[in-house]
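Here is the structure we will look at.
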Amino acid sequence: MAAVILALRFEPLAVGKHFEPAAQVSLLLDGSFSARFAGEMVATRQGFFDSNVTLRAEPNDSDFVATVAREHAIGVTSGQNFLLAAWRGVPVTAFAASFLDTSTVIFTLESSGLRRPADLVGKRVGYRKASEGDVIFDAMMAQLGLPRSQITKVPDRDTFDALRAGEVDAIIAAVGQEPRPSEPGDVRLNAIKPEQYALHVPGMVYFARSDLVHDRPSAVAQVLEGIIKGWQFVYSDYARSVPVLVSFDPERLKSDRVKFELQQQRRLILPTGGRIADYDESRWRTLRDILIFAKLGEETVPLAQSVDYQFLRDVYRRSPNLAAPGTWPADR
Numbered sequence: 000m001a002a003v004i005l006a007l008r009f010e011p012l013a014v015g016k017h018f019e020p021a022a023q024v025s026l027l028l029d030g031s032f033s034a035r036f037a038g039e040m041v042a043t044r045q046g047f048f049d050s051n052v053t054l055r056a057e058p059n060d061s062d063f064v065a066t067v068a069r070e071h072a073i074g075v076t077s078g079q080n081f082l083l084a085a086w087r088g089v090p091v092t093a094f095a096a097s098f099l100d101t102s103t104v105i106f107t108l109e110s111s112g113l114r115r116p117a118d119l120v121g122k123r124v125g126y127r128k129a130s131e132g133d134v135i136f137d138a139m140m141a142q143l144g145l146p147r148s149q150i151t152k153v154p155d156r157d158t159f160d161a162l163r164a165g166e167v168d169a170i171i172a173a174v175g176q177e178p179r180p181s182e183p184g185d186v187r188l189n190a191i192k193p194e195q196y197a198l199h200v201p202g203m204v205y206f207a208r209s210d211l212v213h214d215r216p217s218a219v220a221q222v223l224e225g226i227i228k229g230w231q232f233v234y235s236d237y238a239r240s241v242p243v244l245v246s247f248d249p250e251r252l253k254s255d256r257v258k259f260e261l262q263q264q265r266r267l268i269l270p271t272g273g274r275i276a277d278y279d280e281s282r283w284r285t286l287r288d289i290l291i292f293a294k295l296g297e298e299t300v301p302l303a304q305s306v307d308y309q310f311l312r313d314v315y316r317r318s319p320n321l322a323a324p325g326t327w328p329a330d331r
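Here you go:
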């Protein structure tokens, strides 16, 4: 990046002149500090955000989207949570993606030989009711024409302990939740990924209260640019980024585990031939259809009113270097 030198002429401030500080902008995370929010965390610590932006984790908020709206803030949550809240009338607008696709993975023991969705017919699958994974799993099976009625879904048995103990034959979990090689409980696993079967929906999305998007577009755009720079920093060099992430909660976050989770989720952040934070209308239409199919909600707000694509286009047009090839190396 070329260096730019500015010649500044300092003059004394006029007596009585008053400068209003920039209004505060809160960025809220739907969960605890972890690898899944690495871009936002790094952006905060590395100064990629303006000084008026504050970051806060909200791990136990059952109505997270409404909280973001109430506080006139910016948030990041699953596409499913966002869209269902928008349909309930929460005044929010999505403007970019965090995870470009669903993080849902169906794990089986390698020794079981269960490697494809069709192999799960007649088996027991551990899940959490009405979770993103539950909804995505049902949609995948329906799309493939597989009989969901012949699959026994076992609630609250979506843990690797339940899988190892043989209580279920598969579990619906999220990428990065699996044990790291050499960790206690490590087992050889197969991973069935819905996107490999042409099921694509927005995974995690960035959104804000709608009037913040409309009234302060430059503030939202600045946060988005900082987030993109944050994710670039995260994946440019783990030796630099992992210690930054661990510093948020050294007692809970461990370097080897954080690096492992970053590696597992990398494909959702840095798509081959794609751009960080990008999404398209086809993914949103698929998610809308899935949620209606699952009878979780009814579309009361058209996608055109709840999802914005212009912020992303404007940020990349204004700063084309953000999408430049070679910004991050191949994963190691």
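Anchor point for the sequence shown: position 261 equals 260 in numbering that gives the first Met the number 0, and the numbering is continuous, going up by one each time.
In this text, a Cβ means the ideal position worked out from N, Cα and C, and glycines have one as well.
Cα separation between A164 and R156?
11 Å
Three or more C-beta pairs under 8 Å: does that hold for the segment 104-114 against the segment 183-198?
yes
Using 10 angstroms around the beta-carbon of P201, count the other beta-carbons present and answer buried if the total reaches 16, otherwise exposed.
buried
Is DSSP giving A22 helix, strand or coil here?
Residue state, collapsed to three classes: coil.
Given this structure, state the Cα-to-Cα distance separating L83 from Q221, to the nearest angstrom.
In this structure, the CA atom of L83 is about 27 Å from the CA atom of Q221.
Could you tell me whether the Cβ atoms of T43 and V52 are closer together than 9 Å?
yes
Which same chain residues, not among the five before or five after P324, have their C-beta less than 7 Å away from its C-beta?
Confidence is the limiting factor: at P324 the pLDDT is only 48, short of 50, which leaves the residue's position unreliable, though a coordinate-based value still follows. Excluding residues within five positions, none has a Cβ falling inside 7 Å.
From the DSSP output, which residues share a beta bridge with P154?
Y126
At a threshold of 8 Å, does L321 count as lining the ligand HEM (C-beta to nearest heavy atom)?
Among the ligands in the structure shown, none appear at all, so the ligand HEM cannot be discussed.
Buried or exposed for G78, please, with buried defined as at least 16 other CB atoms from any protein chain shown within 10 angstroms of its CB.
buried
If you draw a straight line from the alpha carbon of G273 to that of S281, how long is it in whole angstroms?
15 Å
Would you kindly report the start and end of the unbroken alpha helix (DSSP H) that includes A136?
One point to set straight first is that residue 136 is Phe, not Ala, in the sequence displayed. Note, F136: alpha helix (DSSP H), 131-142.
Nearest by alpha-carbon distance to G225: which of T285, L54, F48, R208 is it?
F48
Do G88 and G229 have their C-beta atoms closer together than 9 Å?
no
Start and end of the alpha helix (DSSP H) containing F98?
Premise fails: F98 is in no alpha helix (DSSP H) and is neither H nor E.
Give the single residue among D214, S148, D100 whose Cα lies nearest to the Cα of A22.
D214
Excluding the 5 residues preceding and the 5 following V167 in the sequence, name in chain order all residues of the same chain whose CB lies nearer than 7 Å to its CB.
Excluding sequence neighbours, V167 sits near R123, V124, G125, V153, R156, A161.
Excluding the 5 residues preceding and the 5 following P20 in the sequence, name in chain order all residues of the same chain whose CB lies nearer than 8 Å to its CB.
The predicted position of P20 is uncertain, since its pLDDT is 49 and thus under 50; a value taken from the coordinates is nonetheless stated next. Cβ neighbours of P20 beyond the five flanking positions: N51.
Pair every Cβ in the segment 114-123 with every Cβ in the segment 233-244, then say whether three or more of these pairs are closer than 8 Å.
no
With H, G and I counted as helix, E and B as strand and the rest as coil, what does DSSP make of N80?
helix
Have a look at E182 and P193 and give me their C-alpha separation to the nearest angstrom.
26 Å
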